[in-house]
Each structure stands twice: as C-alpha cells, then as structure tokens.
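Counting in my numbering, the sequence shown runs from 19 upward without gaps.
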Amino acid sequence: MRLSRRKFEVLVLKALESIPDLIRERMQNVDVVIEDWPTDEQLVALGMAPDELLFGLYEGTPLIERGITVDPMLPDKITIFQGPLEDACETDREIEEEIRKTVVHEVAHHFGIDEERLEELGYE
Numbered sequence: 019m020r021l022s023r024r025k026f027e028v029l030v031l032k033a034l035e036s037i038p039d040l041i042r043e044r045m046q047n048v049d050v051v052i053e054d055w056p057t058d059e060q061l062v063a064l065g066m067a068p069d070e071l072l073f074g075l076y077e078g079t080p081l082i083e084r085g086i087t088v089d090p091m092l093p094d095k096i097t098i099f100q101g102p103l104e105d106a107c108e109t110d111r112e113i114e115e116e117i118r119k120t121v122v123h124e125v126a127h128h129f130g131i132d133e134e135r136l137e138e139l140g141y142e
C-alpha cells in the first residue's frame, strides 16, 4: 500500500496525539521525523539484515539514563520509516494501527522501556 507523505504525516501526528498528555508533556527535546527508508548504517548498527523491515528508530539517551545537567543537549530523535510500514500493511486500518504501535514503541524507548518489556506489553 502507498500513501502520500501528507497522509502518512497525519497518521503519525494522530498516533502522537493518542499518547496521554502526562507522557507527551515529558517528551521535551525530542524530534519526531519521517524518512522513506532506514539507511544501511542504521540497519547494520541494529544487527539487522538489509531485507528486514525497520518501522521506527529511537536515537538518544533514555530519560532514566540521564543525569541532572544544565548543559544543553541535542534533541533525541524518533524516526518513523514510511516505506517499510507501507510494505508491511495492506489496508488503511492496518497501517494506521502499525504506525500507532511504532510511535508508542519508540516513545517507550525514550522513557527507558526495553524491547523485552515492550514485547510483554504487545509492542513487538
């Protein structure tokens, strides 16, 4: 399935807005961006094969690992990959749900929730 970038952006924004206010308010200094595909370097860094689908990526320092600092930090970055999500989904409903799960998954990494716990919660 293929979506226009604008439609995809709307679905990512909708997913972000579905996150409870209390959590969103703690997401300061986090950029959420959309890219077509992950780079080869990103896949290699994650130990993924070139043919594996990566839906999203959190790059930064999770909140639970940060110390108290007054030094300015570069923003953390959540990247949502449009191409892999489109390739994996066949219907509008399916892609909307996968985008929501991916956004929640990457936001959870920002808060220090690891892959094992995410799987337990159904966000594999």
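Note that beta-carbon positions come from the ideal geometry of N, C-alpha and C, so glycine has one too.
Treat the numbers as computed from the prediction; the structure is a model and nothing was measured.
Within the stretch 82–129, note down every full alpha helix (DSSP H) run reaching 4 residues or more, in order along the chain. Taking 4 residues as the minimum length, the alpha helix (DSSP H) runs contained wholly in the stretch 82–129 are 100–106, 110–128, in order along the chain.
Let me know the secondary structure DSSP gives Asp132 once reduced to three states. Numbered from its first residue, the sequence shown carries residue 132 at position 114. In the three-state DSSP reduction, Asp132 falls in the coil class, being neither helix nor strand.
Would you mind sorting Pro38 into buried or exposed? The rule is 16 or more other CB atoms within 10 Å of its CB. The residue you call residue 38 lines up with position 20 of the sequence shown. By the neighbour-count definition (other C-beta atoms within 10 Å, threshold 16), Pro38 is an exposed residue.
Rounded distance between the beta-carbons of Pro68 and Asp58, thought under 8 Å: Counting from 1 along the sequence shown, the entry for residue 58 is found at position 40. Counting from 1 along the sequence shown, the entry for residue 68 is found at position 50. At roughly 7 Å, the Cβ-Cβ gap stays under 8 Å, so Asp58 and Pro68 are in contact.
Nearest-angstrom beta carbon gap, Pro80 and Asn47 [assumed within contact, 8 Å]: Working through the sequence shown from its first residue, we reach residue 47 at position 29. Working through the sequence shown from its first residue, we reach residue 80 at position 62. For a cut-off of 8 Å, the C-beta gap from Asn47 to Pro80 is around 13 Å, too long to register as a contact.
Once DSSP output is grouped into helix, strand and coil, what is the label at Leu171? For the chain, the structure presents residues 19 to 142; residue 171 sits outside this window and is missing.
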